[in-house]
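Chains as they are written, first to last, in our numbering: chain A, 85 to 540; chain B, 85 to 540.
Number of protein chains: 2
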Amino acid sequence: MAEHLAEAEDEMLDQARIDAVLEAVEAGDATTLEELMAPLHAADIADLLEQISQSDRRALLALWSHEIDGEILSEISDAIREEVIESLSPEVLAEAVRDLESDDVVDILEDLEPPQQGMILDALADADRVAVEQAMAFPEGSAGRLMQRETVVVPEHWTVGEAIDFLRKSDHLPDQFYHVILVDPVMSPVGYATLGRILSSGREVALRDIIEDSFRTVEATDDEADVAYIFNQYHLISCPVVDAGGRLVGVITIDDAMNVLDEEHGEDMLRLAGVGDEASMSDGAFATMKQRLPWLVVNLFTASLSALVISRFEATISSILILAALMPIVASTGGIAGTQSLAVAVRALATRDLTQANARRVVMRELGAGVLNGMGLALILGFGAWGIFGDAKLGLVLGMAMIVNQIVAALGGVMVPLTLERMGLDPALASGTFVTTLTDVMGFFAFLGLASVLLV
Amino acid sequence: MAEHLAEAEDEMLDQARIDAVLEAVEAGDATTLEELMAPLHAADIADLLEQISQSDRRALLALWSHEIDGEILSEISDAIREEVIESLSPEVLAEAVRDLESDDVVDILEDLEPPQQGMILDALADADRVAVEQAMAFPEGSAGRLMQRETVVVPEHWTVGEAIDFLRKSDHLPDQFYHVILVDPVMSPVGYATLGRILSSGREVALRDIIEDSFRTVEATDDEADVAYIFNQYHLISCPVVDAGGRLVGVITIDDAMNVLDEEHGEDMLRLAGVGDEASMSDGAFATMKQRLPWLVVNLFTASLSALVISRFEATISSILILAALMPIVASTGGIAGTQSLAVAVRALATRDLTQANARRVVMRELGAGVLNGMGLALILGFGAWGIFGDAKLGLVLGMAMIVNQIVAALGGVMVPLTLERMGLDPALASGTFVTTLTDVMGFFAFLGLASVLLV
Numbered sequence: 085m086a087e088h089l090a091e092a093e094d095e096m097l098d099q100a101r102i103d104a105v106l107e108a109v110e111a112g113d114a115t116t117l118e119e120l121m122a123p124l125h126a127a128d129i130a131d132l133l134e135q136i137s138q139s140d141r142r143a144l145l146a147l148w149s150h151e152i153d154g155e156i157l158s159e160i161s162d163a164i165r166e167e168v169i170e171s172l173s174p175e176v177l178a179e180a181v182r183d184l185e186s187d188d189v190v191d192i193l194e195d196l197e198p199p200q201q202g203m204i205l206d207a208l209a210d211a212d213r214v215a216v217e218q219a220m221a222f223p224e225g226s227a228g229r230l231m232q233r234e235t236v237v238v239p240e241h242w243t244v245g246e247a248i249d250f251l252r253k254s255d256h257l258p259d260q261f262y263h264v265i266l267v268d269p270v271m272s273p274v275g276y277a278t279l280g281r282i283l284s285s286g287r288e289v290a291l292r293d294i295i296e297d298s299f300r301t302v303e304a305t306d307d308e309a310d311v312a313y314i315f316n317q318y319h320l321i322s323c324p325v326v327d328a329g330g331r332l333v334g335v336i337t338i339d340d341a342m343n344v345l346d347e348e349h350g351e352d353m354l355r356l357a358g359v360g361d362e363a364s365m366s367d368g369a370f371a372t373m374k375q376r377l378p379w380l381v382v383n384l385f386t387a388s389l390s391a392l393v394i395s396r397f398e399a400t401i402s403s404i405l406i407l408a409a410l411m412p413i414v415a416s417t418g419g420i421a422g423t424q425s426l427a428v429a430v431r432a433l434a435t436r437d438l439t440q441a442n443a444r445r446v447v448m449r450e451l452g453a454g455v456l457n458g459m460g461l462a463l464i465l466g467f468g469a470w471g472i473f474g475d476a477k478l479g480l481v482l483g484m485a486m487i488v489n490q491i492v493a494a495l496g497g498v499m500v501p502l503t504l505e506r507m508g509l510d511p512a513l514a515s516g517t518f519v520t521t522l523t524d525v526m527g528f529f530a531f532l533g534l535a536s537v538l539l540v
Numbered sequence: 085m086a087e088h089l090a091e092a093e094d095e096m097l098d099q100a101r102i103d104a105v106l107e108a109v110e111a112g113d114a115t116t117l118e119e120l121m122a123p124l125h126a127a128d129i130a131d132l133l134e135q136i137s138q139s140d141r142r143a144l145l146a147l148w149s150h151e152i153d154g155e156i157l158s159e160i161s162d163a164i165r166e167e168v169i170e171s172l173s174p175e176v177l178a179e180a181v182r183d184l185e186s187d188d189v190v191d192i193l194e195d196l197e198p199p200q201q202g203m204i205l206d207a208l209a210d211a212d213r214v215a216v217e218q219a220m221a222f223p224e225g226s227a228g229r230l231m232q233r234e235t236v237v238v239p240e241h242w243t244v245g246e247a248i249d250f251l252r253k254s255d256h257l258p259d260q261f262y263h264v265i266l267v268d269p270v271m272s273p274v275g276y277a278t279l280g281r282i283l284s285s286g287r288e289v290a291l292r293d294i295i296e297d298s299f300r301t302v303e304a305t306d307d308e309a310d311v312a313y314i315f316n317q318y319h320l321i322s323c324p325v326v327d328a329g330g331r332l333v334g335v336i337t338i339d340d341a342m343n344v345l346d347e348e349h350g351e352d353m354l355r356l357a358g359v360g361d362e363a364s365m366s367d368g369a370f371a372t373m374k375q376r377l378p379w380l381v382v383n384l385f386t387a388s389l390s391a392l393v394i395s396r397f398e399a400t401i402s403s404i405l406i407l408a409a410l411m412p413i414v415a416s417t418g419g420i421a422g423t424q425s426l427a428v429a430v431r432a433l434a435t436r437d438l439t440q441a442n443a444r445r446v447v448m449r450e451l452g453a454g455v456l457n458g459m460g461l462a463l464i465l466g467f468g469a470w471g472i473f474g475d476a477k478l479g480l481v482l483g484m485a486m487i488v489n490q491i492v493a494a495l496g497g498v499m500v501p502l503t504l505e506r507m508g509l510d511p512a513l514a515s516g517t518f519v520t521t522l523t524d525v526m527g528f529f530a531f532l533g534l535a536s537v538l539l540v
């Protein structure tokens, strides 16, 4: 491999390095620690801090916190950010936040408590503080919080040459920009041209002749999840943000949108399972319990519904005891089918492949799949039970209950999230608990009900 | 809002438009149909085709398939791509694929059957065909398949002025590029400079003085999921791809990486639920059954384990019938807890927040959370049962079984995916089935076992 001109491809964070870091921390060897940390990318340093235990983290920060810069601060997850910021001297903190673009400062601020927010705001230069405070005025999770306020704009009537001369003369361009935005006299964006097109066009070419074919803006109050969707759907690299009056107020770049997409996915997965979406590997057992216990308690009560259903059939069970052993098969297979249908529906709602336009067709599809799966499972289970217990009627009851519950599972899996979405709620919100309660209750009811009619 | 200079902000796909499209299709009105489709972005046209029923899709394509271009083809999901391609005349297909960059052609080709692959390859110009065939030689899901071969490279010793003059003179630059890659004499990339830095620097500045601080390359054989991770972790916008000898062979841009990240997430969610990761809203009931039945059948057999456990305690149940009604509470709450722990672990493995470095600590954390949740739930359930049934011992048995099963659930949820990952398997692969089987079996066993000792 060739020698890199760049500061060297950053070294990766691997187990050997983590071990060496922890050894240096334990030995109190600040010099070795600095040598080990220096070649790491800020994102990897953040990961390292998140992965080690709280006591190791404290010891590491005691030796090394003066090296923490803005980039590391903005990479660190919310779960440990407060802790890390507390370890910094006011000078280090001030230095760190002054390096950052306004959107990164906002990202750090929004999860902090007021006293720490105040410390950071005080550390900023006046102009930056105003910019950050303006961004914080937008709702949490909005495009206004996500955008950077530094934009590169030119009048719509300019030529390539004028734009290049302007860029050459500019003192302070954003760290990352990919488009020059064309604005009209009232600062409404009317199109944008990529730097690639500008660089490869003649100086006399009018910018309006080389703007991108498709052009979209978002409003500062739009939800960041919608913004991420638009980036992914339309392959945007950057997107101007406008206020209610259509005037340019900032720009969002794809790396921030990708980050939002990633976080939204994680939240969907965790919410679906009934876990608070703030779950992090650096949480302790107590924090983890607090995230999970609420839905477990809810489930304790919904599961009692199953118990209530079963208790109604005590007479049936006492006369045919094997029913007690067989009834979880129907309920459990229904739970899995409901989870399958649910995962597909929640994913499709997130990617907007499931919409009002096809909801009815998808529900019918699930109904069909539920019938087919039910029949397939009924055949295996029904004949299996017949063979094992020599009782054709028992096989029939198992098979029929299985078909009923598979249909309930398939429909429940798609209709629960669709209903939550129509109610304006998050379709992933603990849908898993609702759907498995449904399939448990129906599984026991169908099986024991049929048994009480046909077998007793 | 200001008038847009661009072709007009593409119109959105909404329910009204879908209804109007379907009406025009039914009326066989090709002119209205064209008017309705024209302002839509290719990605929205693809969504529309996916969301309508197969018969509507056929009718629409019969009227409109001559308008299908390369961009629409590459947006269409695998599930219906074959069907759409079959509806195209050879001329339309040839025209469509000739428009595309080589990476998009590869993306279309890889999911087609050989006869359709041949038709598309034949339609390409010779140079493009060679490029596509070379890309197809890389393994499926590799960086080599994802990359575009068109790169913008300059010798490492050039100045800004030389680079700008070179770009101005180039006939064919890629549609989208954000960096100029510096290479050494054997074509190994040594760094890159953003177009923004190039445009804002003086002509005499050496490119090597304005390259990005951090610089990464990936190998063509690297897994696309790893590439997506690197983009998200290090905030890359584009990344050069090298061969085993370190020579530049292509470049991957962030929009493709974002797409991979999105797909990987979807696959994780579906696999976790035991659904084939190809599930799509355009699948019919039969295709859906085929994706889901295999894991349901597996679950049918694993659920029989629970039945076997319960059948061992028939004597206990027959003497205290209420046990049959209460036993699903312990099992079901365990299932939810296992799902919670599992979702957190699978998500953390995907984001690489859960690694060898902290696996032991996370397992201990889960153990602690399991104990805490178990005690909390045991108190509610135990005292509740005591109150309702006036039987303190029954409450004790329920509470103890709950604690045992919560611990099993918490540990199982993290250890099943960790074990699958160590075995080189996908940690999400139907982990849900394994974990709920575990919590069902342990839930019934702990509850009935304790009951048989303490209550009978």
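Ideal Cβ positions, reconstructed from N, Cα and C, are used throughout, including at glycine.
* Who pairs with Thr-243(B) in a beta bridge, going by DSSP? -> DSSP, once it has assigned bridges, lists Ala-290(B) as partnering Thr-243(B).
* Own chain partners of Leu-407(B) with C-beta closer than 6 Å, once the 5 adjacent residues on each side are dropped -> Once the five neighbours on either side are set aside, the close Cβ partners of Leu-407(B) are Ile-401, Ala-535.
* Asked: Out of curiosity, what's the CA-to-CA distance linking Val-537(A) and Asp-524(A)?
  -> Their Cα atoms are separated by approximately 20 Å.
* Across which residues does DSSP place His-263(B) in a beta bridge pair? -> Thr-278(B).
* Asked: chain A partners of Val-428(B), CB-CB under 7 Å?
  -> Near Val-428(B) (Cβ distances below 7 Å), the residues of chain A are Leu-354, Val-359, Ala-363.
* **chain B residues whose Cβ lies nearer than 8 Å to that of Asp-524(A)** => For Asp-524(A), the chain B residues whose C-beta falls within less than 8 Å of its own C-beta are Pro-412, Ser-416, listed in chain order.
* Of all the beta strand (DSSP E) runs that stay within the bounds of the stretch 307–349 of chain A, which reach a length of 3 or more residues? -> For the stretch 307–349 of chain A, whole beta strand (DSSP E) runs of length 3 or above, ordered along the chain, are 322–326, 332–337.
* Length of the line joining the Cα atoms of Gln-426(B) and Ile-321(B) -> First, the residue type needs correcting, since residue 426(B) is Leu and not Gln in the sequence shown. Computed Cα separation, rounded: 32 Å.
* Asked: Does any C-beta atom of chain B lie closer than 8 Å to the C-beta of Gly-533(A)?
  -> So no, Gly-533(A) is outside the interface.
* Between the C-alpha atoms of Ile-420(A) and Asn-383(B), what's the straight-line distance to the nearest angstrom? -> If you take the alpha carbons of Ile-420(A) and Asn-383(B), they lie about 8 Å apart.
* Check the DSSP bridge columns for Glu-303(A) and list the partner residues they point to. => Secondary-structure assignment with DSSP links Glu-303(A) through a beta bridge to Val-326(A).
* Asked: Along the stretch 476–510 of chain A, what residues have a CB closer than 7 Å to any CB found in chain B?
  -> Residues are counted here when their Cβ sits less than 7 Å from a Cβ of chain B; for the stretch 476–510 of chain A the count is zero.
* Exposed or buried, what is Thr-115(B) when buried is set at 16 or more other beta-carbons lying within 10 Å of its beta-carbon? -> By the neighbour-count definition (other C-beta atoms within 10 Å, threshold 16), Thr-115(B) is an exposed residue.
* **Nearest-angstrom Cα separation, counted from Val-333(B) out to Ala-219(B)** => Linking Ala-219(B) to Val-333(B) through their CA atoms gives a straight-line distance of about 10 Å.
* Start-to-end residues for the alpha helix (DSSP H) that takes in Pro-199(A) -> Taken as a continuous stretch (DSSP letters only), the alpha helix (DSSP H) holding Pro-199(A) covers 198–207.
* Please report the residue range of the alpha helix (DSSP H) in which Val-430(B) lies. => Run containing Val-430(B): 406–434, per the alpha helix (DSSP H) assignment.
* Asked: Of all the CB atoms in chain B, is at least one closer than 8 Å to the CB of His-241(A)?
  -> No, no contact with chain B.
* Got a sec: is the Cβ-Cβ distance from Ser-284(B) to anything in chain A below 8 Å? -> It does: the Cβ of Ser-284(B) has a partner Cβ on chain A nearer than 8 Å.
* Asked: If Glu-240(A) sits next to Val-267(A), beta carbons under 8 Å apart, how far is it from one beta carbon to the other, in whole angstroms?
  -> With a contact defined as Cβ atoms closer than 8 Å, Glu-240(A) and Val-267(A) qualify at about 6 Å.
* Asked: Using Cβ-Cβ distances below 7 Å, what residues of the stretch 99–117 of chain B are close to chain A?
  -> Residues of the stretch 99–117 of chain B with a Cβ closer than 7 Å to any Cβ of chain A, in chain order: Gln-99, Ile-102.
* To do: In angstroms with no decimal places, state the Cα-to-Cα distance between Asp-510(B) and Gly-460(B).
  => Rounded to whole angstroms, the gap between the alpha carbons of Asp-510(B) and Gly-460(B) is 33 Å.
* To do: Mind listing the chain A neighbours of Ser-402(B)? Cutoff is C-beta to C-beta under 8 Å, in chain order.
  => Neighbours of Ser-402(B) on chain A, chain order: Ser-402, Leu-405.
* Asked: alpha helix (DSSP H) containing Gln-135(B): first to last residue?
  -> Run containing Gln-135(B): 126–135, per the alpha helix (DSSP H) assignment.
* Own chain, CB closer than 8 Å to Leu-177(B), minus 5 neighbours either side, in chain order -> The answer, listed in chain order, is Ile-169, Met-203, Ile-204, Ala-207.
* **Minimum Cβ-Cβ distance from Gly-452(B) to chain A less than 8 Å** => For Gly-452(B), at least one C-beta of chain A is nearer than 8 Å to its own C-beta.
* **Contact set for Met-85(A): own chain, Cβ-Cβ below 8 Å, skip 5 residues either direction** => Because the pLDDT of Met-85(A) is 38, which lies under 50, any placement of that residue in the model is unreliable, and the number read from its coordinates should be weighed accordingly. There are no such residues.
* **8 Å Cβ cut-off: residues of chain A touching Met-342(B)** => Within chain A, the residues near Met-342(B) are Phe-315, Asn-316, Ile-338, Ala-341, Met-342, Leu-345.
* Would you mind telling me which residues of chain B sit closer than 7 Å to Val-446(A), beta carbon to beta carbon, in chain order? => Chain-ordered, the chain B residues with CB closer than 7 Å to the CB of Val-446(A) read Met-365.
* Could you say which of Asp-297(A), Arg-331(A), Ala-328(A) lies nearest to Tyr-318(A) if we only look at CA atoms? => Cα-wise, what sits closest to Tyr-318(A) is Asp-297(A).
* **Residue-level contact to chain B via CB, Ile-192(A), 8 Å cutoff** => No, no contact with chain B.
* Beta-carbon proximity check, Leu-257(B) vs Gly-280(A), cutoff 8 Å -> In contact: Leu-257(B) and Gly-280(A) (Cβ atoms closer than 8 Å).
* To do: Establish whether the CB of His-150(A) and some CB of chain B are separated by less than 8 Å.
  => Chain B contact via Cβ: absent.
* To do: Along the alpha helix (DSSP H) that carries Ser-186(A), what are the first and last residues, could you check?
  => Where Ser-186(A) is concerned, the enclosing alpha helix (DSSP H) starts and stops at 186–193.
* **Leu-377(A) to Gln-232(B) span [Cα, whole Å]** => Take the alpha-carbon of Leu-377(A) and the one of Gln-232(B): they are about 48 Å apart.
* Asked: Are there three or more Cβ pairs, one per stretch, closer than 8 Å when the stretch 496–504 of chain B is compared with the stretch 439–455 of chain B?
  -> Yes: at least three Cβ pairs fall under 8 Å.
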